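Colleague: Structure incoming, see below.
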Amino acid sequence: MTTMEYLATGFILLCAIAGNCWFWTSFVNRLYSLRLHHDTLDRLRFPHDLGMIIIPVLLMMSFRPAAQSSNMLAVLSVTGWNSSAWGIPWLISALGFVAMVWTISSRQLRKPPAGFELRQSEVLRLQNDQPDHYLGEGSYLQMLSVPGNQSLEPELNQKRFCFANLPHEFDGLRILHISDVHFLGAINKPFYQEVFQALQKWPADLVVFTGDLLDRMDKLDWIDETFGILSASEGCHYILGNHDWHLDCDLIHERMARFDWQNIAGSVNVITRGGASLAIGGDERPWMGAAPDFARTPEKAFRILLSHTPDNLPWARQQAVDLMLSGHNHGGQIKLPLIGPVYA
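In structure tokens, the structure reads:
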């Protein structure tokens, strides 16, 4: 093989490995959008773990005979297009690569929706500049030591939306949207206290939370000094998410109610100003409850949906929802430069 052929072989192999990684991360992301309990998810993740390790090895092995050939066509034939022995790994990798290119290209070309403006974005500066001050305990603690992770760098974004059908009585309505705090223990309570104290300073007419509050029930009392310090003139509304689904939701609802947080899962709350109405519905599907019924709200009410997963967007459009606020994806649990969100 010539130098160019070696380079071409290496490039094909890198593309295949990248495609394989994309295929299996997409597989896991889709799993976590389904109504599956933790034990089932753990079992179904096994193909992901196996595919991430075994398939790259098989891809590299498929190139070994090519070193004996000086013909580039022979190199390509060894990649498995004409060999059933390597067909499945290469098919998986090819599908993943095509999906990866399509997704990344779409993200780069996507334009913000009409009427949207990011007005301010800031990373919250914590009071203690020593990261160890905010470390807790548990099996996930080691993840906080991964170089480049931004777990202790919460970002606060101020966004502006313009709606032609928003009643003038609600013009300038300020909504504080929080989601997926996942009280677990790896990051300790002082961290969350600082974040919520910062949120408390943001002037808001309405506060909403879109699910995944707790990962462990022994962190229930963390609610008191976080969610418990927030208030708004139009109230605080919330739903729960798939992580809360595994816990005692009744105790969570009881605790939130102490601080006047309104659970609107499967229901719609109507706020009025003058003669105008704003309808806020909550949707915890597919994990819990039923869809909120917007049909019973005033005809010209501006509709807001709190949905834990953004996958409910098609349903929201059918219901003429004007604004849907979601969580679940965490903005991309793992984001890579240029590529964007990978694990969500």
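Everything in the sequence shown is counted per this note's numbering, starting at 158 for the first residue and increasing by one.
All residues carry an ideal CB built from backbone N, CA and C; glycine is no exception.
Everything numeric in this text was worked out from a predicted model, so none of it was measured.
For Ile249, name the three-state secondary structure that DSSP assigns.
Modeller: helix
Colleague: So Arg453 packs on Asp479, CB below 8 Å; how close in whole Å?
Modeller: Actually they are not in contact, since the Cβ atoms of Arg453 and Asp479 sit about 17 Å apart, beyond 8 Å.
Colleague: Identify whether Gly446 lies in helix, strand or coil by the three-state DSSP scheme.
Modeller: coil
Colleague: If I'm right that Leu330 touches Leu356 with Cβ under 8 Å, what's the distance once you round it to whole angstroms?
Modeller: Wrong, their Cβ atoms sit about 17 Å apart, outside the cutoff.
Colleague: On the DSSP letters alone, give me the boundaries of the alpha helix (DSSP H) that Trp402 sits inside.
Modeller: Where Trp402 is concerned, the enclosing alpha helix (DSSP H) stretches over Asn399 to Trp402.
Colleague: At least one CB of chain D closer than 8 Å to the CB of Pro449: is that the case?
Modeller: In the displayed structure, chain D is absent; only one protein chain is listed.
Colleague: Report buried or exposed for Trp402, applying the criterion of at least 16 other Cβ atoms within 10 angstroms of its Cβ.
Modeller: buried
Colleague: Going by DSSP in three states, Gln265 sits in which element: helix, strand or coil?
Modeller: Under the three-state reduction of DSSP output, Gln265 falls in the helix class.
Colleague: Where do the N-terminal and C-terminal ends of the alpha helix (DSSP H) with Ile386 fall, by residue?
Modeller: Looking at the DSSP string, Ile386 is not in any alpha helix (DSSP H), and its letter there is neither H nor E.
Colleague: Tell me which residue opens and which closes the alpha helix (DSSP H) that Asn177 is part of.
Modeller: Thr160 to Leu188
Colleague: Would you identify the three-state DSSP class for Pro494, choosing helix, strand or coil?
Modeller: coil
Colleague: As a quick exercise: from Gln307, Asp206 and Gly244, pick the residue whose alpha carbon is nearest that of Tyr492.
Modeller: Reading off the sequence shown, one finds Lys at residue 492, where the question assumed Tyr. For Lys492, the nearest C-alpha among the options comes from Gln307.
Colleague: Which word fits Asn285, buried or exposed, when buried means at least 16 other C-beta atoms lie within 10 angstroms of its C-beta?
Modeller: exposed
Colleague: Determine whether the beta carbon atoms of Phe203 and Gly253 lie at a separation below 8 Å.
Modeller: Their beta carbons are not under 8 Å apart, which means Phe203 does not touch Gly253 by this criterion.
Colleague: Taking C-alpha atoms, which residue in Thr182, Trp472 and Ile210 lies nearest to Ala447?
Modeller: Trp472
Colleague: Nearest CA to the CA of Phe340: which residue from Ile249, Asp405, Glu162 and Tyr349?
Modeller: Tyr349
Colleague: Closer than 7 Å by C-beta to Met161: which residues in its own chain qualify, once you throw out the five before and the five after it? Chain order, please.
Modeller: When the five nearest sequence neighbours on each side are left out, no beta carbon in the same chain lies closer than 7 Å to the beta carbon of Met161.
Colleague: Count the C-beta pairs between the segment 311 to 323 and the segment 422 to 432 that are closer than 8 Å, then say yes if the count reaches three, no if not.
Modeller: no
Colleague: Just checking, does the segment 294 to 310 make contact with the segment 267 to 276 on the three C-beta pairs under 8 Å criterion?
Modeller: no
Colleague: What's the call for Met217, buried or exposed, on a 16-neighbour Cβ count within 10 Å?
Modeller: exposed
Colleague: By the 10 Å Cβ neighbour count, where 16 or more other Cβ atoms means buried, how is Leu230 classified, buried or exposed?
Modeller: Residue placement at Leu230 is poorly supported in this model, since its pLDDT is 48, which falls under 50; the coordinates are not used for a value here.
Colleague: Which partner residues does Asp440 have in the DSSP bridge list?
Modeller: Ser464
Colleague: Looking at the structure shown, is Phe320 part of a helix, part of a strand, or coil, going by DSSP?
Modeller: coil
Colleague: Take the Cβ of Ser250 as the centre, count every other Cβ of all protein chains shown within 10 Å, and call the residue buried at 16 or more, exposed below.
Modeller: buried
Colleague: Are the beta-carbon atoms of Ala458 and Leu482 separated by less than 8 Å?
Modeller: In this structure, Leu482 does not lie closer than 8 Å to Ala458 by Cβ.
Colleague: What distance in whole Å lies between the Cβ atoms of Asn345 and Gly385, which are believed to be in contact at a cut-off of 8 Å?
Modeller: Not confirmed; about 17 Å, so no contact.
Colleague: What are the complete beta strand (DSSP E) segments, minimum 3 residues, inside the segment 325 to 406?
Modeller: 332 to 335, 363 to 367 and 393 to 396
Colleague: Just to check my reading of the structure: Leu215 and Pro246 have Cβ atoms closer than 8 Å, yes? What is that Cβ distance to the nearest angstrom?
Modeller: 5 Å
Colleague: Using three-state DSSP, classify Gln299 as helix, strand or coil.
Modeller: Looking at Gln299 - three-state DSSP - the assignment turns out to be helix.
Colleague: When we look at the beta-carbon of Trp267 and count the other beta-carbons within 10 Å, is it buried (16 or more) or exposed?
Modeller: The sequence shown places Arg at residue 267, not Trp. Per the 10 Å Cβ criterion, exposed.
Colleague: Expressed to the nearest angstrom, what Euclidean distance is found between the alpha-carbon atoms of Leu387 and Glu351?
Modeller: Spanning the two alpha carbons is a distance of roughly 13 Å.
Colleague: Going by the CB atoms, is the gap between Gly439 and Leu470 shorter than 8 Å?
Modeller: no
Colleague: Among the residues of its own chain, which have a CB less than 7 Å from the CB of Asp405, if the five just before and after it don't count?
Modeller: Around Asp405: Met374.
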